[in-house]
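Listed in order, the protein sequences are those of chains A and B.
With this note's numbering applied, the first sequence corresponds to residues 1 to 194, in that order.
With this note's numbering applied, the second sequence corresponds to residues 1001 to 1538, in that order.
All C-beta atoms in this analysis are idealised placements derived from N, C-alpha and C, irrespective of residue type, glycine included.
Heads up: the structure comes next, in structure tokens.
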Amino acid sequence: MKRDIILAGVGGQGILSIATVIGQAAIGEGMYIKQAEVHGMSQRGGDVQSNLRISTDPIASDLIARGGADIIISMEPMEALRYLPYLSKEGWIVTNTVPFVNIPNYPDESAVLNELKGMKNVIMVDIDALARSAGNPRGANIVLLGACAHLLGIASGKMTEGIRSIFASKGDAVVEANISAFEAGRKAAADGKN
Amino acid sequence: MSTKKLLLGDEAIAIGAVNAGIAGVYAYPGTPSTEITEYIQALPLAAERKLHSAWCVNEKTAMEAALGVSYVGKRSIVCMKHVGMNVAADPFVNSAIAGPNGGLIVVAADDPSMHSSQDEQDSRFYGQFAFIPVLEPSSQQEAYDMMKYGFELSERYHITVLLRITTRMAHSRAVVEVSEEADEVAPISYPENPSSWILLPANSKRQYPVVLEHYAKMEEEGETSPWNRYFDGEDHSMGIIACGIGYNYVRENLGDTSKYPILKISQYPAPKGLIRRMARECGSVLVVEEGQPLLEEQIRGILPSGCKIMGRISGELPRTGELTPDCVRAALRLPAAETFAPSRNVVPRPPALCQGCGHRDMYTALNEVLKEFPGNKVFSDIGCYTLGALPPFRAINSTIDMGASITMAKGAADVGQYPSIAVIGDSTFTHSGITGLLDAVNANADIVVVISDNLTTGMTGGQDSAGTGRIESICRGVGVAPEHIRVVVPLPKNMEEIRNIIREEISYHGLSVIIPRRECIQTARRHAKAKSSNNGKK
Chain A
1 MKRDIILAGV GGQGILSIAT VIGQAAIGEG MYIKQAEVHG MSQRGGDVQS NLRISTDPIA
61 SDLIARGGAD IIISMEPMEA LRYLPYLSKE GWIVTNTVPF VNIPNYPDES AVLNELKGMK
121 NVIMVDIDAL ARSAGNPRGA NIVLLGACAH LLGIASGKMT EGIRSIFASK GDAVVEANIS
181 AFEAGRKAAA DGKN
Chain B
1001 MSTKKLLLGD EAIAIGAVNA GIAGVYAYPG TPSTEITEYI QALPLAAERK LHSAWCVNEK
1061 TAMEAALGVS YVGKRSIVCM KHVGMNVAAD PFVNSAIAGP NGGLIVVAAD DPSMHSSQDE
1121 QDSRFYGQFA FIPVLEPSSQ QEAYDMMKYG FELSERYHIT VLLRITTRMA HSRAVVEVSE
1181 EADEVAPISY PENPSSWILL PANSKRQYPV VLEHYAKMEE EGETSPWNRY FDGEDHSMGI
1241 IACGIGYNYV RENLGDTSKY PILKISQYPA PKGLIRRMAR ECGSVLVVEE GQPLLEEQIR
1301 GILPSGCKIM GRISGELPRT GELTPDCVRA ALRLPAAETF APSRNVVPRP PALCQGCGHR
1361 DMYTALNEVL KEFPGNKVFS DIGCYTLGAL PPFRAINSTI DMGASITMAK GAADVGQYPS
1421 IAVIGDSTFT HSGITGLLDA VNANADIVVV ISDNLTTGMT GGQDSAGTGR IESICRGVGV
1481 APEHIRVVVP LPKNMEEIRN IIREEISYHG LSVIIPRREC IQTARRHAKA KSSNNGKK
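Listed below in structure tokens is the structure:
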């Protein structure tokens, strides 16, 4: 079993926390992992991405090849499209629907969303709204994690264990808020499929 | 006993160094090297052992302090980004001739593709130039294991060792098996041959042949090094030399059982014998190396002319930019995967100064005043404020290297440029700006130096800045007239005052320093959060 995942977003949106939870859960399953991150200049409001590779077999490259990603997980709709050439023809896009507009020439929002809707394998979720209604407005990234959980090849129990262990130092309230966010995302993805 | 940890390459190096018994780490922050020092700063064992881990003023002071540690017989590492090697080059190159006593490893983190840098220079050239051996890990595990190996190599040959990594090694995580036991920090012991540390010509002339002799021995050692391996294959139409993480991209495409022979190289000087074997047995050789074509160029001189050599120079691999699984795949003449076309609904999203950042208010005021002075030039520097080059500010005319703002503004003013403005941050000022300011004082240069002080080293994530709280006194001490050292608080409500001060100091035909000072909003948020959670605990 292997999953090559591209995490995308804008600096500060919390994609590395998603990577950390998946990584923790994958290690819990005894899998191999490689995760290339972006630090430095681009974190200042620019586009950021992380290549996360998990596999039951050893992994050579830290980077995912074009046409090789099983999933693009994106905190922002245009950022999901940025990595399209990296997505496998059978791959999935799981993305937030709410644009993050911090540039003057952001493309037509409906064109971005329509292009995404036209993809064969796509899950689109308003994670900001779901995070608010789950009582965890800062947990949008964990909502997104919930929305892609069924695609990761990892038991969802392992994912919630991962969340518990990563947020444990911040107290029970934070752990439970993130579990709620995760469940909200999971439910949204399941409802969308029907 | 050992445990498995999920670590960045930088973090693996940090633990490897502490477990190899270093007495300290010496560094100036720089992407992608910063996390090595930060990890040691947070490591309980480092605190328990009181290891040195405070940030240094620049890479040169870091390198020299580590030489002092080595002189008294203890191990240390020096960490920097690739361009930091230029700053540290003098002590780095000469350390080879002095001959370290305690083990000394310099970690240079290169940034091919320039994710966060102004060039993609390849630090392996510094190793070759200085006759210093280079280790280049291909995995995070190797990065960890190479620390102990590197210190032993350093102490065996009395030579500095360069560990060269690139962005994808520094900032990629993998599971690393880490020992739970750490070697003790060595007691103080002095060099057996103390005169080798006094680089008078007479001593250097004696030492230089020794350095060359050791380098030849290390060449032999490269043939049997655990990091260099020859994997034979049945198809000898092509052999592949894969250096550092280039090896991973080759394996990604060819798998564990490649039909082509592969020579993995992670220790330099490169093993000439193994390279000659490949040339003898294979019709052609593809060189896959991250960064500049150092080895490809070298082996064109080693190998007989009948052997075809392919790589970045001959064009099978791109001449610039970092390696990717895709470009290596093309060089291996494997078919590309089917892909989606790039979306037309995507535009670049460049980084920008944070909303609420003091540099923004500084540039707003500066731009407004400079409208009154056509022909002005603004020489800037390395840091978050370099983003003032982008819209909406477009406020600066140059960014070359750490500290160049002040000296370039002075040089331009020397020959008639007016107004000539320098914009530099507080950490860059203490890194390499103070000496330039002294030049400007001595010439009473007609320039305005704006030291945009956010009380931290912002771009790399908010490390301590060496001159915090002392910027004015440093300027006074260097000799700037106190009445022309002006401090302002960069906030929209103070705009008129800031504009007036900038206007006055441009109109003054001598040296002025303006210090807009307000804490970086990223560190301010962090401090506020830490404070509120502390209050919460009470």
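So which residues on chain B does residue i lean against when the C-beta distance must stay under 7 Å?
i: LEU84 of chain A; result: PHE1340, PRO1342, SER1343
i: ALA60 of chain A; result: ASN1248, ARG1251, GLU1252
i: GLY67 of chain A; result: ALA1337, GLU1338, THR1339
Please list, in chain order, the chain B residues whose beta carbon lies closer than 8 Å to that of residue i.
i: ILE33 of chain A; result: LEU1006, ARG1173, ALA1174, VAL1175
i: VAL10 of chain A; result: ARG1349
i: LEU151 of chain A; result: Ordered by position in chain B, no residue passes the 8 Å Cβ test against LEU151 of chain A, which lies about 18 Å from the chain.
i: ASN102 of chain A; result: ARG1349, ALA1352
What distance in whole Å lies between the Cβ atoms of residue j and residue i, which are believed to be in contact at a cut-off of 8 Å?
i: GLY1073 of chain B; j: TYR1190 of chain B; result: 7 Å
i: LEU1263 of chain B; j: MET1278 of chain B; result: 5 Å
i: SER1465 of chain B; j: THR1430 of chain B; result: 7 Å
i: ILE1132 of chain B; j: HIS1214 of chain B; result: Not confirmed; about 10 Å, so no contact.
i: VAL1106 of chain B; j: PHE1092 of chain B; result: 6 Å
i: ILE1040 of chain B; j: ALA1014 of chain B; result: 5 Å
i: PRO1112 of chain B; j: LYS1081 of chain B; result: Actually they do not touch by this definition, with Cβ atoms about 12 Å apart.
i: MET1402 of chain B; j: VAL1078 of chain B; result: In fact, because the Cβ distance is near 16 Å, the residues do not count as touching under 8 Å.
i: ILE163 of chain A; j: VAL21 of chain A; result: 6 Å
Residue i CB to nearest chain B CB: under 8 Å?
i: GLU90 of chain A; result: no
i: ASN96 of chain A; result: no
i: ILE27 of chain A; result: yes
i: ASN105 of chain A; result: yes
i: SER180 of chain A; result: no
i: ASN194 of chain A; result: Unreliable positioning characterises ASN194 of chain A in this predicted model, as indicated by a pLDDT of 38, which lies under 50. A coordinate reading is not provided.
i: ASP4 of chain A; result: no
i: SER17 of chain A; result: no
i: ASN141 of chain A; result: no
i: LEU130 of chain A; result: no
i: ALA111 of chain A; result: yes
i: ARG138 of chain A; result: no
i: LEU63 of chain A; result: yes
i: LEU87 of chain A; result: yes
i: ARG186 of chain A; result: no
i: GLY30 of chain A; result: no
Determine whether the Cβ of residue i lies closer than 8 Å to any Cβ atom of chain A.
i: LYS1538 of chain B; result: Its pLDDT being 44, under 50, LYS1538 of chain B is placed unreliably by the model, and nothing is read from it.
i: CYS1520 of chain B; result: no
i: GLU1252 of chain B; result: yes
i: TYR1026 of chain B; result: no
i: ALA1088 of chain B; result: no
i: CYS1327 of chain B; result: no
Should residue i go down as buried or exposed, given a rule of 16 or more other Cβ atoms within 10 Å for buried?
i: ALA1445 of chain B; result: buried
i: TYR1208 of chain B; result: exposed
i: MET1001 of chain B; result: exposed
i: PRO1482 of chain B; result: exposed
i: GLY1469 of chain B; result: exposed
i: LYS1538 of chain B; result: Residue placement at LYS1538 of chain B is flagged as unreliable, the pLDDT there being 44, under the threshold of 50; a coordinate-derived value is accordingly withheld.
i: LYS1493 of chain B; result: exposed
i: ASN1442 of chain B; result: exposed
i: ILE1188 of chain B; result: exposed
i: ASN194 of chain A; result: The predicted model places ASN194 of chain A with a pLDDT of 38, which falls under 50 and marks its position as unreliable; any figure quoted below should be read in that light. ASN194 of chain A should be labelled exposed.
i: MET1146 of chain B; result: buried
For residue i, collect the residues of the same chain with a Cβ closer than 8 Å to its Cβ; drop the 5 residues on either side in sequence, then sort them by chain order.
i: LEU1366 of chain B; result: VAL1378, ALA1395, ILE1421, VAL1423, VAL1450, ILE1502
i: LYS1180 of chain B; result: Before going on, a small fix: residue 1180 of chain B reads as Glu here, not Lys. Result list for GLU1180 of chain B: MET1001, SER1002, THR1003, in chain order.
i: LEU1303 of chain B; result: ILE1275, ARG1276, ALA1279, VAL1285, ILE1309
i: ALA1352 of chain B; result: LEU1387, LEU1390
Could you name the residues of the same chain whose beta carbon sits closer than 7 Å to that of residue i, not counting the 5 residues immediately before and after it, in chain order?
i: ARG1329 of chain B; result: ASN1253, ALA1336
i: GLU79 of chain A; result: ALA8, GLY9, VAL10, ASP47
Who are the neighbours of residue i on chain A, taking C-beta pairs under 9 Å?
i: PRO1029 of chain B; result: By Cβ distance, chain A contributes nothing, its closest Cβ being about 10 Å from PRO1029 of chain B, past 9 Å.
i: LEU1353 of chain B; result: ARG44, GLY45
i: PRO1269 of chain B; result: The contacting residues do not exist; PRO1269 of chain B stays about 26 Å from chain A at best.
Could you work out which residues of chain B lie near residue i, taking near to mean beta carbons separated by less than 9 Å?
i: GLU115 of chain A; result: SER1343, ARG1344, ASN1345
i: MET78 of chain A; result: SER1343, ASN1345, VAL1346, VAL1347, ARG1349
Interface residues of chain A around residue i at Cβ under 7 Å?
i: TYR1508 of chain B; result: Under the 7 Å cutoff, chain A gives no residues; its nearest Cβ is about 34 Å from TYR1508 of chain B.
If I measure Cβ to Cβ from residue i and keep anything under 6 Å in the same chain, skipping five residues before and after, which residues do I get?
i: PRO58 of chain A; result: TYR32
i: MET1085 of chain B; result: ALA1108, SER1123, TYR1126
i: VAL1175 of chain B; result: LYS1004, LEU1006
Is residue i close to chain C, meaning its C-beta is less than 8 Å from at least one C-beta of that chain?
i: LEU81 of chain A; result: Protein chains A and B are contained in the structure displayed, whereas chain C is not.
Under 7 Å from any heavy atom of the ligand FMN, does the C-beta of residue i make it?
i: GLY1301 of chain B; result: Of ligands this structure carries none, so the ligand FMN is not represented either.
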